[in-house]
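Notes for the one structure printed next.
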Amino acid sequence: ILELRKEKSRDAARSRRGKENYEFYELAKMLPLPAAITSQLDKASIIRLTISYLKLRDFSGHGDPPWSRDPPPSSKALKVFQWKEWKEGREAFTLQSHD
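Heads up: the sequence shown begins at -8 in the numbering used here, then just goes up one per residue.
Put into structure tokens, the structure is as follows:
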């Protein structure tokens, strides 16, 4: 009887973890990031990025004029290179397009 209880408990825990992982995966897909990135995130990163995204969305509504909440139009060929020059030197930032 004890072994049967342990097995049921393990099955229940496995089921809960599966449901939890599914919800994290769904949340990650809602982030404004390429699938190649969101598919590699761990749970803590998904939560951190989601919180940051929600804070940014809230903050963006306080501008004058308010920022658009719609993502910019995407293009598979679009690669954005932003160069910033500083007195100390040059720094390059590469951003991926949202495919």
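We treat Cβ as the ideally placed atom computed from N, Cα and C, and that holds for glycine.
No experiment lies behind these values; they were computed from the predicted model shown.
Alpha-carbon to alpha-carbon, residue j and residue i
i	j	result
Met21	Pro57	22 Å
Ser6	Glu17	17 Å
Gly9	Asp2	10 Å
Asp49	Leu(-7)	52 Å
CB of residue i within 9 Å of CB of residue j, strictly
i	j	result
Leu32	Leu40	yes
Ile42	Phe15	no
beta-carbon residue i near the ligand GDP non-hydrogen atom, thresh 8 Å
i	result
Ile(-8)	Ligands in the displayed structure: none, and consequently the ligand GDP is not present.
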